[in-house]
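Numbering (our numbering), first residue to last: 4 to 108. Comments concern the structure below.
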């Protein structure tokens, strides 16, 4: 397990799928298959905004219960990516999840 990642075994966290859209550097879309949730489709769209880049992330196909768990988790991962790309300290995933989970309920 990677430090500061969700405390689940690697076989549960493993994701597989196929690329549906590959249009670098604007769009990346793929199927999402993970053993413990519904199959879905994940899409990342990047758009220039001055000196910044806006990332629009969608994850379609999740049931309501799964989505309520995955929304703050995805948010926590995206916060970690932003910190890494910005040269800042990477926040602990679980701590960040715990801070924001109430925003999604």
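Glycine residues also receive a C-beta, built at the ideal position from the N, C-alpha and C atoms. Bear in mind that the values here come from a model prediction, so they are computed numbers and not experimental data.
- Between the alpha carbons of residue 103 and residue 25 lies a distance of about 31 Å.
- About 7 Å separates the beta carbons of residue 34 and residue 23, which is inside the 8 Å limit, making them a contact pair.
- In the structure shown, the three-state DSSP call for residue 77 is helix.
- Straight-line spacing of the CA atoms in residue 66 and residue 91 works out to 34 Å.
- According to the DSSP assignment, residue 103 belongs to no beta strand (DSSP E) but to the alpha helix (DSSP H) extending over 96 to 103.
- In terms of CA proximity to residue 27, 51 leads the group 43, 51, 98 and 12.
- The beta-carbon distance between residue 99 and residue 79, rounded to whole angstroms, is 4 Å. This is short enough to meet the 8 Å contact definition.
- DSSP lists 55 as the beta-bridge partner residues of residue 52.
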